[in-house]
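The structure appears right after this line, and notes come after that.
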Amino acid sequence: MSEQQNWHGTTILCVRKGGKVVIAGDGQVSAGPTILKGNARKVRPLANGAVISGFAGATADAFALFERLEQKLERFPSQLARACVELAKDWRTDRALRRLDAMLIVADARETFLITGAGDVLDPEHKVIAVGSGGNYALAAARALYDHMDDAEAIARKSMAIAADICVYTNGNLTVETLSET
Numbered sequence: 001m002s003e004q005q006n007w008h009g010t011t012i013l014c015v016r017k018g019g020k021v022v023i024a025g026d027g028q029v030s031a032g033p034t035i036l037k038g039n040a041r042k043v044r045p046l047a048n049g050a051v052i053s054g055f056a057g058a059t060a061d062a063f064a065l066f067e068r069l070e071q072k073l074e075r076f077p078s079q080l081a082r083a084c085v086e087l088a089k090d091w092r093t094d095r096a097l098r099r100l101d102a103m104l105i106v107a108d109a110r111e112t113f114l115i116t117g118a119g120d121v122l123d124p125e126h127k128v129i130a131v132g133s134g135g136n137y138a139l140a141a142a143r144a145l146y147d148h149m150d151d152a153e154a155i156a157r158k159s160m161a162i163a164a165d166i167c168v169y170t171n172g173n174l175t176v177e178t179l180s181e182t
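So the sequence shown is numbered by my numbering: it starts at 1 and just counts up by one.
If you want it as structure tokens, here you go:
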């Protein structure tokens, strides 16, 4: 496979409603028209389960970022915003990290953030946020369903199913992590 081959895959969605925050991610990784893997795990708990996170982008890069975020969370316990800002600063200024190609959605019981390699730490305007190839489909579905369904996980699962029906780079093999708000 050439280095110029476009890699696609990943839909990550975060929904916060009814005392819960849910991050759901599909399992598909594709290279061009080929599905390389259908059961990748792109959503995981961090900080002993106090934080949940999902990634879009290069897998090895995301794992490096998860590891760095874990370090920041250890340094700044119960301060998700501070840990995210510190990660974003490192990501933007460190020579090795600067080349990493991924985006992270992270959430704890109170806050949700999108972190990018451009140094962005975004707090979503709405109670839903999504990234990845099918992210806009999942986001549109979740925003449409938000006022009509009460359960955050049900909204996330239905929205991801809609994205999987539309986006060829998204499948229905989901990983879902949930936290209760305090």
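The C-beta atom is built at its ideal place from N, Cα and C for all residues, glycine as well. Everything numeric in this text was worked out from a predicted model, so none of it was measured.
If you run the structure through DSSP and keep just helix, strand and coil, what is K20? Of the three classes helix, strand and coil, the one that applies to K20 here is strand, per DSSP.
Hey, would you say G25 sits closer than 8 Å to T10, going by beta carbons? In this structure, T10 lies closer than 8 Å to G25 by Cβ.
Roughly how many angstroms separate the alpha carbons of F66 and E86, rounded to a whole number? Each residue's alpha carbon lies about 13 Å from the other.
Have a look at W91, A47 and F63 and flag the residue whose alpha-carbon is nearest the alpha-carbon of A75. Looking at the sequence shown, residue 75 is not Ala but Arg. It is A47.
Kindly give me the distance between the Cβ atoms of R16 and A152, rounded to whole angstroms, as I take these residues to be in contact under 8 Å. With a Cβ gap of about 6 Å, R16 and A152 count as contacting.
Would you kindly work out how many angstroms separate the C-alpha atoms of G38 and L174, rounded to a whole number? Straight-line Cα distance between these residues: approximately 10 Å.
For a quick check, are the C-beta atoms of A58 and A118 less than 8 Å apart? Not closer than 8 Å, so no.
Using the C-alpha atoms, what's the distance from K72 back to T116? Taking the straight line from one Cα to the other gives about 16 Å.
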